[in-house]
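Heads up: the protein sequence lines correspond to chains A and B, in order.
The first sequence maps to residues 1 to 521 in our numbering.
The second sequence maps to residues 522 to 844 in our numbering.
Written out below as structure tokens is the structure these notes cover.
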Amino acid sequence: MLRKIKFAAAALALALAGPLAAQDGTPQAGGTLNVVIQPEPPGLMIGLIQNGPTQMVAGEIYESLLRYDHELTPSPQLAKSWEISEDGLTYTFTLQDGVTFHDGEPFTSADVKFSVDVFLRESHSRMRTYLTHVESIETPDDLTVVFKLKQPFGPFIGIFEPGTAPMIPKHIYEGTDFASNEANNTPIGTGPFKFDKWEKGSFIHLVKNEAYYMEGKPYLDEIYYHVIPDAASRAVAYETGKVDVLPGGSIENFEVPRVRDMENTCITDKGWEFFGPLSWMWVNSNNKPLDDVNVRKAIMHAVDREFAKSALWNDLGKVATGPVSSSTRFYASDTPDISYNPEEAKKLLADSSYDGETIRILGLPYGETWTRWAEAVKQNLAEIGMNAELIPADVAGWNQKISDRDFDLAFTYLYQYGDPALGVSRTYLGDNAEPGSPWNNVSNYQNPEVDAMWNEAALMANPEDRKAAYKKIQDQIVSDVPNIWLLELGFPTIYRCNVKNPVSTALGVNDGFRDTWIAKE
Amino acid sequence: MTRFILGRLVKAVFILLAILVFNFFLIHAAPGDPAAVMAGEAGAADAKFLADLRARFGLDQPLYVQLWIYLKGAVQMDLGYSFRQQMPVAELIGDRLPATLLLTGVAFVLSLVLGVIAGVAASARQGSWGDTIISTLALLFYATPLFWVALMAALVFSVWLGWLPGFGYSTIGAGYTGMAHVMDVAKHLVLPASTLGLFFMAIYMRMTRASMLEVSRLDFVKTARAKGLKRSVIQRRHILRNALLPVITLAGLQAGQIFGGAILTETVFAWPGIGRLMFEAINQRDYNVILGVFYISAAMVLLFNLITDVVYVIIDPRIRLTA
């Protein structure tokens with residue numbers, strides 16, 4: 001009898017819960033999320049390593065002070081509120097109460113100061129540049145951190161995400177050699193998930209942080225990141241149900257339509273707004289005839305980017321209009337026209353110093369799509385009467401060739417980090433053109449007026465002033481054509497539709513699974 | 522026999538050292554270094570970051586110093602440290618080697634046994650329809666690229682039929698132990714091992730068949746027939762025993778080569794072995810790992826060749842060993 005009553009009660013509970021749970025908005029706790037990761041990350045200590053796969057896993061373990069939505073508006077994370085002084089010089093953060101690291105130690109303002117001022121200044125090259133604007137970091141009490149800047153630095157509020165400013169436990173790292181600290185193998189942060197196990201070559205396992213400071217979160221019990229080196233096998237892994245989420249770039253583009261059309265499959269290209277991946281071809285303006293602006297303009301008009309978008313990228317992404325991505329702050333859409341126009345290209349080429357030289361194109365060694373793209377560009381150039389050849393390279397060789405400026409045109413794509421001062425200016429500043437790095441001003445663009453504008457715009461306190469300044473900069477750069485801008489890349493995240501909210505911020509799967517839950521059928 | 526083996530081992534040490542030195546220069550001749558690759562993956566780095574990395578990896582030292590340090594370690598079985606994977610290379614390889622040995626071992630035995638059986642069967646009835654089918658299949662397996670076979674196998678048996686797992690070493694998160702774990706690994710092993718084995722099976726089959734036919738025309742076989750021995754006895758004792766010698770030579774050579782095939786198979790089937798480790802290490806210019814894997818696989822090849830020679834004597838006592 002007792003059993004019967006129990007059963008009835010359970011059935012009633014189910015009947016009540018059923019219709020509610022079926023709706024998108026009622027998160028259910030529990031479940032395992034299986035995600036593809038590629039390539040295998042070199043390590044998970046995000047303060048030391050910031051490559052894509054590391055960020056993807058470590059973004060669940062480590063947190064920063066803020067989160068950013070798809071419009072890049074900051075929202076609370078480890079900081080529950082913040083204030084920016086009128087003059088743009090003082091940033092005061094109030095931290096969440098009762099936050100602990102995964103080892104149980106409390107997280108306080110001392111950890112913030114240590115992370116930013118000591119650890120990241122030492123080991124994080126991007127952060128190091130941003131910190132040149134910081135005068136001091138003060139911690140009046142355990143839950144308050146005050147950043148004092150030397151001058152107003154507009155993008156400052158945009159750097160508090162886990163890939164840029166992860167919060168690192170002071171009690172573990174202080175006074176040690178960061179790079180060789182044993183704790184790097186068992187990362188400890190404040191995030192919604194804890195590191196459990198890493199079987200190299202097979203998987204990384206994270207488990208729910210039961211002591212997480214947000215009530216009821218995270219919803220998932222555990223996450224497995226599957227290391228599958230072959231792109232076709234990654235598609236197979238999804239098709240056979242072994243994994244539920246294929247982050248952007250997991251499978252070859254030509255497989256996207258087939259996988260997308262599978263039952264119970266959803267796709268989104270959201271979650272890349274913060275990175276704003278923009279692809280272009282570096283132009284080696286040290287070489288003839290590319291030092292001639294008419295030749296560069298001719299190439300710009302000759303390259304059929306609509307075709308590349310539809311034929312190679314499944315119509316995801318957008319045709320770029322200049323150096324700034326449309327999801328980045330202060331993007332100007334009305335820059336000079338650089339659309340596909342082979343007739344115009346031929347005219348420009350006729351007026352230029354082009355003399356039948358062969359242009360060497362260096363493709364990006366990131367899989368089939370990029371190889372085909374380089375071939376398409378070669379064809380586009382042939383159509384306006386330019387000779388071109390493709391030079392092969394693997395990833396390491398590509399790095400070397402770009403660093404040595406050993407190419408004429410070279411494919412690349414870079415992240416913009418939400419603000420022109422963070423991810424765009426580095427490509428165009430005149431004094432950032434030294435050979436030796438594939439990410440600085442590789443095309444050796446020199447325009448002192450633009451340099452001055454960049455430097456001023458970064459230090460303006462008022463966003464309206466910055467907007468006007470960046471509009472002028474974009475107009476000028478687009479008419480100088482130092483690079484051939486291609487596409488704002490659309491990296492689709494493919495997932496089973498019963499996985500809810502896999503992408504909830506501008507950083508996508510890189511800090512996404514705090515709010516993710518699985519609807520049970 | 523002991524003297525022979527000792528002599529060969531001494532030679533092997535020198536060959537190994539020569540291989541190491543050669544590989545060292547070969548790797549360093551390729552453009553790009555691990556620091557640049559690591560910085561490249563992060564998408565940004567300043568000069569200080571790169572210099573720090575290079576100093577930590579010892580890449581700021583002259584090449585001959587780096588070689589000397591490496592050789593000194595290698596002689597003491599210290600294969601150095603992988604800065605990329607943050608682990609000693611010996612430990613990395615030690616973790617991955619069993620998976621590769623399991624895969625290549627099973628593939629090797631499978632291909633040798635099935636190859637020889639098929640070869641004998643085909644030669645026994647030369648020109649029959651059975652012979653034609655076996656020979657055609659062998660030619661097909663021999664000519665088809667390994668990665669295509671691998672992908673098709675995964676597509677058919679994993680995606681369409683759902684019989685076998687298409688990738689990985691064991692079911693992740695299942696937590697099997699004991700016999701259940703063994704069965705789980707065995708299931709995962711079927712596709713990669715048979716893919717890898719097919720090509721070699723084809724070779725052994727063709728070799729066995731040709732060799733059997735050749736030996737069967739020799740005088741001592743005619744004598745045996747004239748004596749009125751049973752057909753099966755002649756096949757087994759007279760022909761097969763002699764026909765196997767070239768097959769074993771080839772198998773010995775290919776026991777090393779099978780590692781090469783394992784790179785592809787391991788990559789397609791996400792098998793966590795050293796073939797894949799090496800493939801990734803080459804892409805990432807992880808010098809110590811590349812050299813370590815070369816070192817271990819060269820040692821394996823030398824060992825297999827030695828074993829082949831010993832097996833030779835056991836099968837045909839007329840052969841004398843000289844170091």
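The beta-carbon is built from N, C-alpha and C at its ideal position, and this holds for glycine as well.
Predicted model only: the values in this text are computed from it and were never measured.
(request) Give the straight-line distance between the Cα atoms of R758/B and A764/B, rounded to the nearest whole angstrom. (result) In the second sequence, the residue the question calls residue 758/B occupies position 237. In the second sequence, the residue the question calls residue 764/B occupies position 243. Cα to Cα, R758/B sits roughly 10 Å from A764/B.
(request) Please check if any C-beta of chain B sits within less than 8 Å of the C-beta of Y219/A. (result) One-based indexing of the first sequence puts residue 219/A at position 219. Closer than 8 Å: no.
(request) Under 9 Å between beta-carbons, which chain B residues line up against T544/A? List them in chain order, please. (result) Limits of chain A in this structure are 1 at one end and 521 at the other, which puts residue 544/A out of reach.
(message) Counting only C-beta atoms, is A396/A closer than 8 Å to chain B at any point?
(response) For the purposes of this step, residue 396/A is taken as the residue at position 396 of the first sequence. With 8 Å as the cut-off, A396/A counts as an interface residue toward chain B.
(request) Please compile the residues from chain B whose C-beta is within a distance smaller than 9 Å of the C-beta of K200/A. (result) If you number the first sequence from 1, residue 200/A lands on position 200. Within 9 Å Cβ-Cβ: Q606, M608, L613, D616, R617, P793 and L798.
(request) Find the residues of chain B that neighbour I228/A, judging by a C-beta separation of less than 7 Å, and give them in chain order. (result) By one-based count along the first sequence, residue 228/A stands at place 228. By Cβ distance, chain B contributes F688 and A791.
(message) Run through the DSSP bridge pairs and tell me what R496/A is partnered with.
(response) The residue labelled residue 496/A in the question sits at position 496 within the first sequence. R496/A is bridged by DSSP to T265/A.
(message) Comparing C-alpha positions only, which one of S233/A, K242/A and F274/A sits nearest to E255/A?
(response) Within the first sequence, the letter at position 255 stands for residue 255/A. If we check each option's Cα against that of E255/A, S233/A comes out closest.
(request) Return yes when the C-beta of H709/B is under 7 Å from any heavy atom of the ligand PLP, and no when it is not. (result) As for the ligand PLP, it is missing from this structure, which has no ligand bound.
(request) Starting from Y725/B, trace the alpha helix (DSSP H) both ways and give me its first and last residue. (result) The count along the second sequence starts at 1 and reaches residue 725/B at position 204. Unbroken alpha helix (DSSP H) run through Y725/B: G699 to S737.
(message) I need the boundaries of the alpha helix (DSSP H) containing Y225/A, first residue and last residue.
(response) Position 225 of the first sequence holds residue 225/A. Element bounds for Y225/A: not the alpha helix (DSSP H) but the beta strand (DSSP E), E222 to V227.
(request) Starting from E93/A, trace the alpha helix (DSSP H) both ways and give me its first and last residue. (result) Along the first sequence, one-based indexing puts residue 93/A at 93. Going by the sequence as given, residue 93/A is Phe instead of Glu. Annotation for F93/A: no alpha helix (DSSP H) segment contains it, though the beta strand (DSSP E) segment containing it runs T90 to L95.
(request) Just tell me which of I46/A, T26/A and G508/A has its CA closest to the CA of E273/A. (result) Here residue 273/A is taken as the residue at index 273 of the first sequence, counted from 1. Out of I46/A, T26/A and G508/A, G508/A has the C-alpha closest to the C-alpha of E273/A.
(message) According to DSSP, is K194/A part of a helix, a strand, or is it coil?
(response) Within the first sequence, numbered from 1, the residue matching residue 194/A stands at position 194. The answer is strand: DSSP assigns K194/A an E or B state.
(message) Contact defined as beta carbons within less than 8 Å: I believe F815/B pairs with G796/B. What is the distance between those atoms, to the nearest angstrom?
(response) Indexing the second sequence from 1 puts residue 815/B at position 294. Indexing the second sequence from 1 puts residue 796/B at position 275. Not really, about 12 Å apart at Cβ, beyond 8 Å.
(request) Taking K347/A as part of the alpha helix (DSSP H), name the residues at either end of that continuous run. (result) Here residue 347/A corresponds to residue number 347 of the first sequence, with the count starting at 1. Unbroken alpha helix (DSSP H) run through K347/A: P342 to A350.
(request) Go ahead and pull the three-state DSSP assignment for S603/B. (result) For this step, residue 603/B is matched to residue 82 along the second sequence. DSSP places S603/B in strand when its eight states are reduced to three.
(request) May I have the straight-line CA-CA distance separating D355/A from G88/A, to the nearest angstrom? (result) The count along the first sequence starts at 1 and reaches residue 355/A at position 355. The count along the first sequence starts at 1 and reaches residue 88/A at position 88. Taking C-alpha positions only, D355/A is separated from G88/A by approximately 53 Å.
(message) Between E735/B and chain A, is any beta-carbon pair separated by less than 8 Å?
(response) Taking the first residue of the second sequence as 1, we reach residue 735/B at position 214. Not closer than 8 Å to any Cβ of chain A, the Cβ of E735/B fails to qualify, so no.
(message) For K150/A and L95/A, I'd like the C-alpha separation in whole angstroms.
(response) Within the first sequence, the letter at position 150 stands for residue 150/A. Within the first sequence, the letter at position 95 stands for residue 95/A. Spanning the two alpha carbons is a distance of roughly 23 Å.
(request) Tell me whether the beta-carbon of G553/B lies closer than 8 Å to the beta-carbon of Q400/A. (result) One-based indexing of the second sequence puts residue 553/B at position 32. One-based indexing of the first sequence puts residue 400/A at position 400. Taking 8 Å as the Cβ cut-off, G553/B and Q400/A qualify as a contacting pair.
(message) Is there a C-beta anywhere in chain B that falls below 8 Å from the one on K520/A?
(response) Taking the first residue of the first sequence as position 1, residue 520/A is located at position 520. No, K520/A lies away from the interface with chain B (no Cβ there is under 8 Å from its Cβ).
(request) Could you tell me whether the Cβ of M559/B comes closer than 8 Å to any Cβ of chain A? (result) What you label residue 559/B is simply residue 38 of the second sequence in a count that begins at 1. Yes, its Cβ sits closer than 8 Å to a Cβ of chain A.
(message) Looking at the secondary structure, which residues open and close the alpha helix (DSSP H) in which W370/A lies?
(response) In the first sequence, residue 370/A corresponds to position 370, counting from 1. Taken as a continuous stretch (DSSP letters only), the alpha helix (DSSP H) holding W370/A covers E368 to E383.
(message) Taking beta-carbon pairs under 8 Å, can you tell me which members of the stretch 489-505 of chain A lie near chain B?
(response) Here the close residues number zero.
(message) Tell me which residues share the same chain as N510/A and place their Cβ nearer than 6 Å to its Cβ, disregarding the 5 neighbours each side in the sequence.
(response) Position 510 of the first sequence holds residue 510/A. Result list for N510/A: Q55, M56 and G59, in chain order.
(message) Let me see if you follow: with CB-CB separation under 8 Å, is F570/B close to chain A or not?
(response) Counting from one through the second sequence, the residue named residue 570/B turns up at place 49. The Cβ of F570/B sits closer than 8 Å to at least one Cβ of chain A.
(message) Quick check: the Cα distance between A568/B and D406/A, rounded to an integer number of angstroms?
(response) The residue given as residue 568/B occupies position 47 in the second sequence. The residue given as residue 406/A occupies position 406 in the first sequence. The alpha-carbon separation between A568/B and D406/A amounts to approximately 19 Å.
(request) State the CB to CB distance for the pair W313/A and T412/A, rounded to an integer number of angstroms; the pair is presumed to be in contact (CB under 8 Å). (result) By one-based count along the first sequence, residue 313/A stands at place 313. By one-based count along the first sequence, residue 412/A stands at place 412. So it is not a contact: roughly 16 Å between Cβ atoms.
(request) Would you kindly work out how many angstroms separate the C-alpha atoms of I817/B and F535/B, rounded to a whole number? (result) In the second sequence, residue 817/B corresponds to position 296, counting from 1. In the second sequence, residue 535/B corresponds to position 14, counting from 1. Those two C-alpha atoms are separated by around 14 Å.
(request) Classify T744/B as helix, strand or coil using the three-state DSSP reduction. (result) Here residue 744/B refers to the residue found at position 223 when the second sequence is read from its first residue. T744/B: helix per DSSP, three-state reduction.
(request) Decide if R738/B is buried, meaning its Cβ has at least 16 other Cβ atoms within 10 Å, or exposed. (result) Translated into positions along the second sequence, residue 738/B becomes position 217. Classification of R738/B: exposed, given that the 10 Å Cβ count is below 16.
(message) Between V706/B and chain A, is any beta-carbon pair separated by less than 8 Å?
(response) Position 185 of the second sequence, counting from 1, holds the residue named residue 706/B. Output row for V706/B: interface = no.
(request) Could you spell out where the beta strand (DSSP E) holding W313/A opens and where it closes? (result) Within the first sequence, the letter at position 313 stands for residue 313/A. Looking at the DSSP string, W313/A is not in any beta strand (DSSP E), and its letter there is neither H nor E.
(request) Pick helix, strand or coil for L414/A, following the three-state DSSP scheme. (result) Taking the first residue of the first sequence as position 1, residue 414/A is located at position 414. Three-state result, L414/A: strand.
(request) Would you kindly work out how many angstroms separate the C-alpha atoms of A747/B and S644/B, rounded to a whole number? (result) Residue mapping note: residue 747/B aligns to position 226 of the second sequence, counting from 1. Residue mapping note: residue 644/B aligns to position 123 of the second sequence, counting from 1. CA-to-CA, the gap between A747/B and S644/B works out to about 20 Å.
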